[in-house]
Amino acid sequence: MVVQLRNRSDGQWEQVQPQAVIDANMRNFIIYGIEGLLMTLTNFPIVLSVLRYKALRDQKEFIIVAGLAFADGFNGFAFLAAAIGRINQLLNSDAFVLKSRWHCGTTVWNICWTFANNLAGLMLLVVSIDRLIAVSIPLRYFTFTKRYAWILVGSAFAYICIPATVSFVLSYQYQEPEFPAYCLVGMGMHNGYYEYFVMFHLVTSFGSVLLYGPVFFLLQKASNTLRRTAGTSEVNKMARLKKVTYTLGIHTCFTFLFNMVPDLLILYSGTPSSSQTPFYMLLNVNAMVNILIYMFRFKEMRNGLKALIMCRTKMSTTTVNVHSIQTNQRSRNQSIFVPSKLTY
Numbered sequence: 001m002v003v004q005l006r007n008r009s010d011g012q013w014e015q016v017q018p019q020a021v022i023d024a025n026m027r028n029f030i031i032y033g034i035e036g037l038l039m040t041l042t043n044f045p046i047v048l049s050v051l052r053y054k055a056l057r058d059q060k061e062f063i064i065v066a067g068l069a070f071a072d073g074f075n076g077f078a079f080l081a082a083a084i085g086r087i088n089q090l091l092n093s094d095a096f097v098l099k100s101r102w103h104c105g106t107t108v109w110n111i112c113w114t115f116a117n118n119l120a121g122l123m124l125l126v127v128s129i130d131r132l133i134a135v136s137i138p139l140r141y142f143t144f145t146k147r148y149a150w151i152l153v154g155s156a157f158a159y160i161c162i163p164a165t166v167s168f169v170l171s172y173q174y175q176e177p178e179f180p181a182y183c184l185v186g187m188g189m190h191n192g193y194y195e196y197f198v199m200f201h202l203v204t205s206f207g208s209v210l211l212y213g214p215v216f217f218l219l220q221k222a223s224n225t226l227r228r229t230a231g232t233s234e235v236n237k238m239a240r241l242k243k244v245t246y247t248l249g250i251h252t253c254f255t256f257l258f259n260m261v262p263d264l265l266i267l268y269s270g271t272p273s274s275s276q277t278p279f280y281m282l283l284n285v286n287a288m289v290n291i292l293i294y295m296f297r298f299k300e301m302r303n304g305l306k307a308l309i310m311c312r313t314k315m316s317t318t319t320v321n322v323h324s325i326q327t328n329q330r331s332r333n334q335s336i337f338v339p340s341k342l343t344y
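Here the sequence shown is numbered in UniProt numbering, starting from 1 and rising by one per residue.
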């Protein structure tokens, strides 16, 4: 559809849009803001709890959980920043002024999304890879320290910086005004990179789900082997690992329903972009329920969040499991990981 342009008194060109389009955008941006606020408030406390309290920070599983929560919280902050910026543009009648691809790529929200969106997808895959390692070599996995978790999470964070830098370099070539100033994420990227950006999230989400086939198979195999050959301590740890992995499997189903299905519908259903808001809302369901699952499943995390909210400097010592790492026995606890969240 051809959009009419007009020259403003300040010399800038802008799209002429009917009031119905403006109102629809306002509603969508408000929804983005609410989602972003919820994602931020439900994920960053998890990160802060793990960073603040040694009892959580010393457990490799919670470090990986914090990495995923940071990615989801950062993604939520991008939604919140986009909502605030775009609503402000609509109120000031600046949302449809034409801007360059480079300008769009360097808005606060698109900078955040360039990193956070694919980091969230990659962390889903990292969590599943960690579970695959855990059930493949359980006895050795019990001996891994928190350094293993820092390397795993740090590698994911470092990798994301490489394609994000490529995106900014490519978009810098486009300085001519061509997109409205509200700047959807694809408007700030080279077309080829945008295709990679979309597919990367889809592939990592799909990969995190596919890995659970061999994870369940190896889990049952390892459980049967340890039950016959290992001592009581290892059997107890394996029971914990089994419970954690099954719980994660349930959430992997949520990843399929609330990540992969909406992604596929957005890409291939032919639904007009103006009607895709419900799909984008579904993409963030996992990220918003993480804190509830952690609180219900982990006493340590529940008490860590409680201590954080109450501004305590230490967690109660009763919240630390006797098998957590860095104890005198240096045995390991297993934890649940909850995956979570395309283009906005």
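Quick reminder that beta carbons are idealized off the backbone N, C-alpha and C, glycines included. Predicted, not measured: the structure shown is a model, and the values here were computed from it.
Simplified DSSP state of Gln15, which is helix, strand or coil: Three-state result, Gln15: strand.
Contact check, Phe79 vs Glu35, beta carbons under 8 Å: yes
Cβ pair count under 8 Å reaching 3, the region 97-114 against the region 49-65: no
Sequence ranges, alpha helix (DSSP H) only - wholly within the region 201-279, length at least 4: 212-229, 232-255, 261-268
Lys314, DSSP secondary structure in three states: coil
Extent of the continuous alpha helix (DSSP H) run through Ser128: 108-136
Buried or exposed by the 16-neighbour rule on C-beta atoms within 10 Å, applied to Ala82: buried
Buried or exposed (CB count within 10 angstroms, at least 16 for buried), residue 345: As shown, the chain starts at 1 and ends at 344. That puts residue 345 outside it, with no answer to give.
Buried or exposed (CB count within 10 angstroms, at least 16 for buried), Gln175: exposed
Ser167 (DSSP reduced to helix, strand or coil): helix
DSSP three-state assignment for Val50, whether helix, strand or coil: helix
Residue from Val289, Val2, Arg302, Arg6 with nearest C-alpha to Thr40: Val289
Residues bridged to Leu5 (per DSSP): Gln15
Inter-residue spacing [alpha-carbon to alpha-carbon] between Thr204 and Gln276: So the two alpha carbons sit approximately 22 Å from each other.
As assigned by DSSP and simplified to three states, the class of Ser100: strand
Ile336 versus Pro18 - alpha carbon distance: At Ile336, the pLDDT of 35 sits below 50, so the modelled position is not reliable; the number obtained from the coordinates is stated separately. Approximately 49 Å between the Cα atoms of the pair.
Chain-order list of residues whose beta-carbon lies under 7 Å from that of Val141 (same chain, five-residue window excluded): Reading the sequence as shown, one finds Tyr at residue 141 and not Val. Excluding residues within five positions, the ones whose Cβ falls inside 7 Å are Ile133, Ala134.
Cβ-based burial, Tyr212 [other Cβ within 10 Å; buried from 16]: buried
Where Arg330 falls, given that 16 or more other Cβ within 10 Å makes a residue buried: Only weak support is given to the placement of Arg330: the predicted model assigns it a pLDDT of 40, under 50, and the question is left unresolved by the model.
Simplified DSSP state of Glu176, which is helix, strand or coil: coil
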